Amino acid sequence: MDKTDFLSIVKTNNIGRRIYSLFSHLNIGVVLFIDILSWTRTKDLDVYFVRMNAVIKVMERLGIKDNHWRHLRFQYIQYCILCFNILISSACTVWFMSGITMTIKLSLSYGYFYPIIIIHVSDIYFVIFIRYIGTKFEQLNETLSDRLKTLSKIDDTEEHIQPEENLCNFIKSIRQIHLELIRLSKYLNKVFDVQLLISITISVVFIISWLMNTYNILIGTTFDSQTYLRTAGLIDILTFYCFKIFIIGQTCGATSAAAQKTGGIVFKFYNFERSKEIRGEIEKFTMQLIQNPASFTAHDFLTLDNAFVFRVAASITTYLIILIQMNNSMFDVGQVNTTIPIQ
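Residue numbering for the sequence shown follows this note's numbering, beginning at 14 and increasing consecutively.
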């Protein structure tokens, strides 16, 4: 067997060889594409950081402190999951190779997994940025809820005179911060939208391909140590891509939900305040939420929300069933042809 065939977790049949060839050619394009995108959006991210720092300063003046540990913990979890999947896949790949030195094994594994790491790290950046904006929405909601609880306790106290001007300025500041966070989320979405579309498309294509190849391995071979290694490597890569689709959809959906939740909290102030100025500010806030919802898309082709994962799963299931039926039909035709006697 040629040395290049030792990296053949997926090269066990014709479909696997086509997948491997396609994947090898895409690796080069993915690396170049991510490098170019990273270079072109450097200035865009600088603008994002400047605007986000301004938002953080305004929130601190309102008494809303930045929770760095909460954000760092989310980053560490994402990178740990990435490293764990890469280590498992690399171990299965290296173990499956035999008859070559460890240096060549590591070199082949590096060339195989490096593009995967590059595009996944870039996707993690987007998830981390959006998640951070989501935590800011959650902090705004907590601050509004605390202020609402205070109002509910003193609403029936005649001796207390509510400083209407302070409350009006407070709601106005929250409204401006909320609008800027919405704009920042849309700005980030625009910066990463092309990458998201290509990354999700590649993920879906390879999930279908790897599932199809896993199916062929399981029905076409006997169960031995080699089969288990091949299947383990495939399942780990499948988990890798599935988790990426899940975390993108879940993060975007959670951020959108947190932004929408603000509207329900703000509207409750309407029941406690009879000041025309404060009610006018609440109405402006409500109208702003209607006109500027927090929504995310992959270049306007795919809507990224909590239902995104289910739509992707439905599409993958549909295409996989079609491919399995086509594969079985081709296998049946091949069997019929082999039984035709030669005249």
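Think of the CB as a built atom: it goes at the ideal place given N, C-alpha and C, for glycine as much as any other residue.
Bear in mind the structure is a predicted one, so any value in this text is a computation, not a measurement.
Non-local C-beta neighbours of residue 280 in its own chain, meaning closer than 8 angstroms and more than five positions away in sequence, comprise 295 and 299, ordered along the chain.
Residue burial is scored here from C-beta neighbours: residue 223 has at least 16 other C-beta atoms within 10 angstroms and is therefore classed as buried. Of the other Cβ atoms in all chains shown, 16 or more fall within 10 Å of the Cβ of residue 140; this residue is therefore buried. Contact between residue 137 and residue 91 holds, with the beta-carbon distance rounding to 5 angstroms and staying under 8 angstroms. Under DSSP, the beta-bridge partners assigned to residue 311 are 315. Rounded to the nearest angstrom, the gap between the Cα atoms of residue 290 and residue 183 is 12 angstroms.
Per DSSP, reduced to three states, the secondary structure at residue 277 is helical. In this structure, the alpha-carbon of residue 335 lies about 46 angstroms from that of residue 62. Straight-line measurement puts the Cα of residue 255 at about 8 angstroms from the Cα of residue 220.
The criterion of a C-beta distance shorter than 8 angstroms is not satisfied by residue 320 and residue 210. Burial of residue 152 is indicated by the presence of at least 16 other C-beta atoms within 10 angstroms of its C-beta. Cβ-Cβ separation between residue 74 and residue 193: approximately 14 angstroms, too far for a contact (criterion under 8 angstroms). Straight across, the Cα-Cα distance linking residue 162 with residue 303 is about 25 angstroms. Residue nearest to residue 66 within the set 160, 95, 145 and 132 is 145 (criterion: CA-CA distance). The C-alpha of residue 203 is placed about 10 angstroms away from the C-alpha of residue 57. Counting only the Cα atoms, residue 84 lies some 25 angstroms from residue 277. Taking 8 angstroms as the cut-off, the Cβ atoms of residue 77 and residue 156 count as close. Excluding residues up to 5 positions away in sequence, 191, 194, 268, 271, 272, 274, 275 and 307 lie with their Cβ nearer than 8 angstroms to the Cβ of residue 150 in the same chain. A distance below 8 angstroms separates the beta carbons of residue 143 and residue 264.
The Cβ atoms of residue 313 and residue 262 do not sit closer than 8 angstroms to each other. No residue range can be given for residue 77, since it is assigned to no alpha helix (DSSP H) and is classified by DSSP as neither H nor E.
For residue 285 and residue 326, the gap between their C-alpha atoms comes out near 46 angstroms. Here the alpha carbons of residue 225 and residue 186 stand approximately 54 angstroms from one another. Comparing C-alpha distances from residue 51 to each of 166, 159 and 205 shows the shortest one belongs to 205.
Using a Cβ distance threshold of 8 angstroms, residue 131 and residue 44 count as a contacting pair. Residue 288 and residue 198 have their alpha carbons spaced roughly 33 angstroms apart. In this model, residue 180 and residue 323 are separated by some 42 angstroms (Cα to Cα). At the C-beta level, residue 213 and residue 258 come within 8 angstroms of one another.
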